[in-house]
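Numbering (UniProt numbering), first residue to last: 1 to 682.
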């Protein structure tokens with residue numbers, strides 16, 4: 001089987017990239033079975049070792065175990081997110097409880113935990129700082145998995161974990177099914193009213209992809225539907241598109257509300273078995289925030305000024321609509337359309353002016369150049385490396401001395417086989433335990449692809465998203481630690497967004513825009529006057545943007561603070577919370593619960609969607625270090641940023657990492673200043 005299965009055989013490819021063309025869906029299940037069996041044998045050898053526990057024969061041994069399983073899982077789960085199909089989805093659903101059971105078997109292994117607990121109680125004498133941190137992380141993970149509980153409690157926790165794995169997989173597949181099944185076909189010029197050329201071109205390409213040559217199609221990809229809501233003069237079509245956008249996961253066979261109810265109930269039960277009053281308390285106990293009260297405090301401190309700003313913004317939009325003869329109340333599907341008109345009126349600026357200057361290739365180049373100027377890394381495109389889809393681009397990354405850093409894959413375009421959103425992942429993480437292992441990092445986006453021969457143009461938000469995800473990518477690429485457990489982005493959830501959100505700042509700098517924001521037809525740089533108007537409008541509509549986000553984070557926390565989930569209807573609960581906090585009229589959460597994949601398609605951001613705002617306190621304050629140095633590429637500041645953040649992984653606690661970089665704790669007021677909410681807060 002090893003010889004016949006490319007997932008288990010050696011990979012004789014450049015950089016040991018998976019041989020994607022040779023891998024078929026039928027290879028995955030036997031590969032997982034073989035890799036799980038191998039890992040179980042490795043764990044048994046560690047747990048049953050007759051020698052007294054040492055760091056090397058227990059912790060380092062665990063770090064060395066499971067290599068085959070990691071390799072198979074990295075390929076499989078990257079593809080189920082970025083390029084899936086019906087066969088992979090079936091396998092994914094079958095595998096979810098199997099992998100959860102395997103993980104439970106490790107983290108609830110009493111003999112293994114005894115060895116780890118013995119080492120932990122002995123203290124860190126004889127260990128270096130990195131080893132002590134790895135030991136602490138293992139001990140914490142075992143305790144949080146219930147390793148010290150009774151056999152009955154561990155059995156129940158295992159059953160809960162298996163069920164949650166299945167529910168999370170079902171949730172994500174339902175959202176993807178809704179996104180794939182819906183599209184809006186624009187039949188003629190009347191349906192295209194108000195749409196700028198770039199959006200017409202992208203919609204025409206989406207139609208061609210569906211065999212509808214000569215027509216135009218809007219999809220539920222954010223890079224398609226948001227600009228449609230922004231520019232379409234057809235209020236009836238905006239309403240139709242918006243209704244589909246917010247209804248994902250809420251009807252028929254793909255209704256996720258029962259999944260949410262069961263998920264919340266099981267998470268609450270899990271937390272109580274582990275001694276916590278709620279799942280939110282359990283989740284945040286191992287975070288920077290520490291408690292739901294701290295996270296809630298930050299969210300509510302921002303909510304009040306953001307809501308006041310959003311109410312004022314809506315009044316301005318209503319006045320604008322009425323001045324044009326609109327005899328209706330502003331609704332959610334009107335907000336982006338009239339905001340774009342208002343931005344044009346107040347700043348002589350609209351997206352159609354900006355987009356011709358934001359070519360995808362040039363923004364990629366800008367992200368790379370920023371990394372070169374900050375950290376000395378260079379990027380060379382390679383065309384001899386296997387990829388899983390023809391659109392994927394591959395770049396070899398080296399340091400300033402020409403030494404290998406890693407491999408970077410960019411998968412930028414929306415397609416029906418890809419779930420929505422944007423993310424960073426890896427096919428291989430960095431480590432030094434098994435040799436100088438260099439990372440293979442991937443950024444996945446969902447930009448609307450231009451027609452053949454035409455450059456893909458981005459919105460300003462799309463371009464900022466590219467920088468954001470590349471910030472995550474650098475966190476993985478620049479990792480420089482020994483142990484996989486603490487490498488790259490394996491940090492606290494409310495710290496992991498700091499490197500990515502911080503990196504966004506460079507995209508918005510005039511120095512970067514003047515060099516890389518070049519008109520796709522003339523090659524001329526974005527005019528300074530346009531950049532100045534852009535900078536002046538940076539906090540425009542921030543009441544809307546902040547309310548849209550904070551409401552989602554508050555609903556997430558409130559759901560996971562519940563101790564009684566009997567009869568829970570996620571949509572009704574969501575509305576109850578929004579009523580209590582005074583959600584402004586004509587506004588909707590950025591992620592409604594039935595399609596809130598951050599929170600319910602797995603455990604990634606459950607009770608932790610607040611973390612973007614928590615990290616924004618850090619990034620708003622952190623970029624100030626460069627501003628205070630008088631140089632956004634100040635070498636001494638960049639060196640500290642690399643050493644203590646991007647390269648350090650989870651070598652130290654996140655608050656200690658931030659202080660090592662900045663020299664002090666963050667100033668919370670930097671967040672309100674960045675969002676233009678200081679005045680509203682006073």
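Glycine is no exception: its CB is placed at the ideal position from the N, C-alpha and C atoms.
Rounded straight-line distance, which links the Cα of residue j to that of residue i
i, j, result
"residue 155", "residue 103", "13 Å"
"residue 674", "residue 547", "15 Å"
"residue 519", "residue 368", "19 Å"
"residue 250", "residue 243", "11 Å"
"residue 630", "residue 23", "51 Å"
"residue 360", "residue 184", "25 Å"
"residue 677", "residue 539", "8 Å"
"residue 290", "residue 87", "41 Å"
"residue 322", "residue 451", "38 Å"
"residue 348", "residue 231", "16 Å"
"residue 625", "residue 502", "11 Å"
"residue 83", "residue 126", "46 Å"
"residue 377", "residue 487", "19 Å"
"residue 65", "residue 656", "30 Å"
"residue 492", "residue 422", "20 Å"
"residue 457", "residue 356", "6 Å"
"residue 524", "residue 665", "42 Å"
"residue 586", "residue 332", "4 Å"
"residue 436", "residue 483", "11 Å"
Integer-rounded CB distance, given that residue j should sit under 8 Å from residue i
i, j, result
"residue 307", "residue 584", "6 Å"
"residue 405", "residue 397", "4 Å"
"residue 443", "residue 473", "5 Å"
"residue 260", "residue 570", "4 Å"
"residue 504", "residue 531", "Contact flag wrong, Cβ pair sits at about 16 Å."
"residue 43", "residue 106", "6 Å"
"residue 723", "residue 160", "Nothing about residue 723 can be read from this structure; the chain reaches only from 1 to 682."
"residue 175", "residue 597", "6 Å"
is_contact[residue i, chain D] using C-beta, thresh 9 Å
i, result
"residue 184", "The structure shown contains no chain D; it holds only a single protein chain."
Identity of the residue in the options nearest residue i by Cα
i, options, result
"residue 495", "651, 276 and 573", "651"
"residue 593", "581, 586, 658 and 606", "606"
"residue 60", "252, 107, 68 and 130", "130"
"residue 298", "264, 618, 644 and 46", "618"
"residue 142", "236, 222 and 114", "114"
"residue 429", "195, 647 and 641", "647"
"residue 385", "356, 336 and 440", "440"
"residue 351", "636, 533 and 551", "533"
"residue 460", "132, 69, 70 and 227", "227"
"residue 265", "201, 147, 157 and 346", "157"
"residue 661", "649, 573, 553 and 642", "642"
"residue 258", "170, 275, 332 and 203", "170"
"residue 28", "543, 44 and 94", "94"
"residue 388", "80, 40 and 510", "80"
"residue 410", "435, 382, 402 and 328", "382"
"residue 336", "521, 318 and 327", "318"
"residue 343", "536, 327, 210 and 362", "536"
"residue 703", "455, 32, 669 and 48", "An answer regarding residue 703 cannot be provided, because it is not within the stretch 1 to 682 covered by the chain."
Neighbourhood of residue i by C-beta, 6 Å cutoff - its chain only, sequence neighbours within 5 removed
i, result
"residue 663", "none"
"residue 137", "485"
"residue 671", "616, 617 and 620"
"residue 15", "407"
"residue 425", "78 and 442"
Beta-carbon contacts of residue i that lie in its chain and below 7 Å, excluding the five residues immediately before and after
i, result
"residue 370", "506 and 512"
"residue 315", "none"
"residue 341", "320"
Other residues of its chain near residue i: CB distance less than 8 Å, five sequence neighbours each side excluded
i, result
"residue 1", "Residue placement at residue 1 cannot be trusted, given a pLDDT of 49 that sits under 50; what the coordinates show is reported in the next sentence. Here the set comprises 8, 30 and 34."
"residue 268", "278, 279, 560, 562, 563 and 565"
"residue 549", "590, 612 and 613"
"residue 11", "17, 18 and 19"
"residue 135", "55, 59, 116, 119, 120, 124 and 127"
"residue 163", "97, 262 and 266"
beta-carbon residue i near the ligand ADP non-hydrogen atom, thresh 8 Å
i, result
"residue 249", "No copy of the ligand ADP occurs in the structure displayed, which carries no ligand at all."
### Query
In chain order, which alpha helix (DSSP H) runs of at least 4 residues are fully inside the region 217-294?
Within the region 217-294, the complete alpha helix (DSSP H) runs of at least 4 residues are 222-231, 235-246, 257-273 and 279-284.
### Task
Within the region 168-211, note down every full alpha helix (DSSP H) run reaching 4 residues or more, in order along the chain.
You should have 197-209.
### Task
Could I get the ranges of all uninterrupted alpha helix (DSSP H) runs contained in the region 564-595, with 4 residues as the minimum, in chain order?
Taking only runs of at least 4 residues, the alpha helix (DSSP H) segments lying wholly in the region 564-595 are 570-581.
#### Entry: Complete runs of the beta strand (DSSP E) confined to the region 353-392 [at least 3 residues]
Secondary structure in the region 353-392: the beta strand (DSSP E) runs of 3 residues or longer, each lying completely within the stretch, are 378-382 in chain order.
### Task
Please go through the region 397-485 and give each complete alpha helix (DSSP H) segment of 4 or more residues, from N-terminal end onward.
Under the rule that a run must span 4 or more residues, the alpha helix (DSSP H) segments found entirely inside the region 397-485 read 460-477.
### Task
Can you check the region 627-678 for any alpha helix (DSSP H) of at least 4 residues that lies completely inside it and give the ranges in chain order?
The qualifying runs are 635-641, 654-662 and 669-674.
### Query
Which parts of the region 485-510 are runs of the alpha helix (DSSP H), unbroken and 4 residues or longer, counting only runs that do not cross its ends?
The region 485-510 contains these whole alpha helix (DSSP H) runs: 493-507.
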